[in-house]
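Input: a single structure, listed below in structure tokens.
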Amino acid sequence: MSFKFSISLSVIFLLLAQSAVAQIIVVKANNMLDVRSGKIVSPAVILVKDGVIESVNPSSLPSGAQIIDLGNQTLLPGLIDMHTHITGDYFTGDEWTTAAVRQTAPDWALQGVRFAREILENGFTTVRDVGAQPGFPDVALMRAIEAGHMPGPDIWPAGHAISITGGHCDWTGFAPGVMELGPEAGIADGVDEAMKAVRYQAKHGVRVIKICATGGVFSFSQNAEIGAQQYTLEELEAIVHEAHKLGLKVAAHAHGTDGINAAIRAGVDSIEHGSILSDESIDLMKERGTFLVPQAYLNEFELAPDTPPATVAKNEYLKPLVTRSFKLAYEAGVNMAFGSDNGVFPHRDTPLEFEALIRMGISEIDALRMATIHATKLLGVDDRGELSAGKRADIIAIPGNPLNDISEMRSVSFVMKQGVIYKQL
Ligand SMILES: [Zn+2]
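Going by this note's numbering, the sequence shown wraps up at 1793, each residue one higher than the last.
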């Protein structure tokens, strides 16, 4: 299932737009969603100055302000996706199985230029990138976007995902001697190497640490069985301790129960996937405040026809377990944040995650909170995620009311990031 992404390229390039940052902009629309209260506020007049929301529905407007009147639309805060692979293409046949030995970090960074634009034009103004290919293409993209060389969301990159030798985030399936990597590239065994891996990612500019705590769908090694625990508790604790000491949160890829529970006990900030949660996992997450970052659309998505049969089999095995775990976590009130895992499917289809979340049984407002105020909590920032005074001017618009029809999220018509307009249809 996919939808046609039919916008004209309407990125307003930064040269033009940066001059607008210094001036006062008024964004008007008939409606605005207050994600905290879950209410639609009408009308909506947002005063933006120097990239920050100065006030909402002020009693008077300053003279000389640039007015952007979006008419009968609904304003929302810029969206946040906590699980992207902005430099990754795992959806074009089986190309990805050998990309690691054919391509370079610049190849990945450059294909990420397109994906970053698609993500931003879908209304995602902030993303966490949880594991890129070797050579920090994700950090390079973050810097290029920050420097104004290209449009894209704010990126929290993880650099190399940290994995045991032969584990899910090792590049396996090749002959001995090919892609045999060390702690710098995220392949680390034992406490000392695990600490080195964290420190090396931090040295090179990552803003989050990603670890692979269990096997996964898109890997081939013997010991990457889907649910199997990979790191020991001692190794996990060393990673978390070191990352937190450096001010970095830890996101743990984890499908199977033992690996999930060990990662939570070690103090990770989020469980990515969380496919096979037990009652104990739920209790531990509630007790520690650990976030679940589930992937609802991926659970419905048909992998590309050329995908290796072993990968398809693992994916199908997980689907009913994912649905069950999601419901358990939601009903128990576990913290949850939005994380599409785009890169496994085309980045431009990311808004479909909202519809899939609703089909999993959650409310429209909770799905939108996962991608706004809940995501900021997991990121550890309070400067964005809602339309209120003092927050960054990350503002998007959609034609209708997302609380009545979440598929409106497919039709983002306006994107402002930090006061700069990147899309206006
Ligand atoms: Zn992923």
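Ideal placement from N, C-alpha and C gives every residue a C-beta, glycine not left out.
Predicted, not measured: the structure shown is a model, and the values here were computed from it.
Should residue i and residue j be called a contact, given that it needs their Cβ atoms to be closer than 7 Å?
i       : j       : result
Leu1695 : Gly1729 : Reading off the sequence, residue 1695 comes out as Lys, not Leu. It is a contact, given that the beta carbons lie within the stated cut-off.
Ile1607 : Val1566 : yes
Ile1435 : Val1424 : no
Pro1521 : Leu1549 : no
Val1498 : Lys1578 : yes
Leu1444 : Val1394 : no
Ala1765 : Leu1438 : yes
Ala1664 : Glu1721 : yes
Leu1725 : Ala1735 : yes
Ala1619 : Ser1638 : yes
Ile1555 : Asp1538 : yes
Gly1535 : Gln1598 : yes
Cys1580 : Ala1529 : yes
Met1400 : Leu1755 : yes
Ala1761 : Val1416 : yes
Gln1441 : Pro1767 : yes
Ile1632 : Thr1658 : yes
Gly1527 : Gln1569 : yes
Leu1652 : Ala1630 : no
Val1576 : Arg1496 : yes
Gly1753 : Ile1741 : yes
Asp1506 : Pro1525 : yes
From this set, the options, which residue's C-alpha is nearest residue i's C-alpha?
i       : options                            : result
Asn1531 : Ala1508, Gly1520, Met1563, Phe1504 : The sequence as given places Ser at residue 1531; Asn does not occur at that position. Checked all of Ala1508, Gly1520, Met1563, Phe1504; the closest Cα to Ser1531 is Met1563.
Ser1646 : Thr1625, Glu1670, Ala1631          : Thr1625
Phe1504 : Ala1761, Arg1737, Glu1552, Thr1600 : Glu1552
Arg1470 : Asp1522, Met1547, Ile1421, Met1400 : Met1547
Glu1486 : Arg1778, Ile1650, Gln1391          : Arg1778
His1621 : Glu1648, Glu1655, Leu1660, Met1653 : Leu1660
Ala1433 : Asp1418, Gln1441, Ala1700          : Asp1418
Pro1662 : Thr1442, Asp1557, Leu1686          : Leu1686
Lys1617 : Gly1635, Ala1596, Asn1667, His1623 : Gly1635
Thr1455 : Thr1465, Asp1462, Ala1473          : Ala1473
Ser1508 : Asp1462, Tyr1568, His1572          : Ser is not the amino acid found at residue 1508; the sequence shown has Ala there. The residue with the shortest Cα to Cα distance from Ala1508 is His1572.
Asp1709 : Ser1410, Asp1457, Glu1422          : Asp1457
Asp1773 : Glu1723, Gln1569, Ser1587, Pro1673 : Glu1723
Glu1668 : Val1712, Gln1441, Ile1628          : Val1712
Trp1464 : Pro1676, Ala1397, Arg1752          : Pro1676
Pro1673 : Thr1460, Ser1431, Ala1397, His1742 : Thr1460
Gly1595 : Ile1763, His1623, Ser1731          : His1623
Thr1540 : Asn1398, Ser1410, Gly1583, Leu1666 : Gly1583
Ser1431 : Met1738, Ser1775, Gln1391, Asp1475 : Gln1391
Gly1558 : Thr1533, Ser1587, Gly1545          : Thr1533
Lys1422 : Lys1759, Lys1654, Tyr1790          : Per the sequence presented here, residue 1422 reads as Glu, with Lys not at that position. Glu1422 has its Cα closest to that of Lys1759, out of Lys1759, Lys1654, Tyr1790.
Asp1751 : Asp1402, Val1420, Met1738          : Val1420
Pro1688 : His1453, Leu1666, Ala1678          : Leu1666
Gly1707 : Ser1731, Met1738, Gly1545, Leu1604 : Met1738
Ile1789 : Leu1671, Glu1603, Gly1516          : Gly1516
Ile1733 : Asp1402, Pro1411, Asp1560          : Asp1402
Asp1560 : Ser1649, Asp1462, Leu1604, Lys1791 : Leu1604
Ala1468 : Pro1426, Ser1410, Lys1396, Phe1542 : Phe1542
Trp1476 : Thr1466, Pro1502, Ile1650, Asp1462 : Pro1502
Three or more beta-carbon pairs under 8 Å between the region 1474-1488 and the region 1512-1520, yes or no? yes
Would you call the region 1681-1700 in contact with the region 1636-1653, where contact means no fewer than 3 C-beta pairs closer than 8 Å? yes
Contact shell at 6 Å, judged by CB to any heavy atom of ligand 1, ordered along the chain: His1451, His1453, Val1498, Asp1709
Stretch-stretch touch, CB-based, cutoff 8 Å, three pairs: the region 1406-1418 with the region 1447-1456: no
Any 3 or more C-beta pairs closer than 8 Å across the region 1769-1783 and the region 1489-1497: yes
Report yes or no: do the region 1708-1723 and the region 1682-1691 share at least 3 C-beta pairs separated by less than 8 Å? Contact fails: fewer than three Cβ-Cβ distances are below 8 Å.
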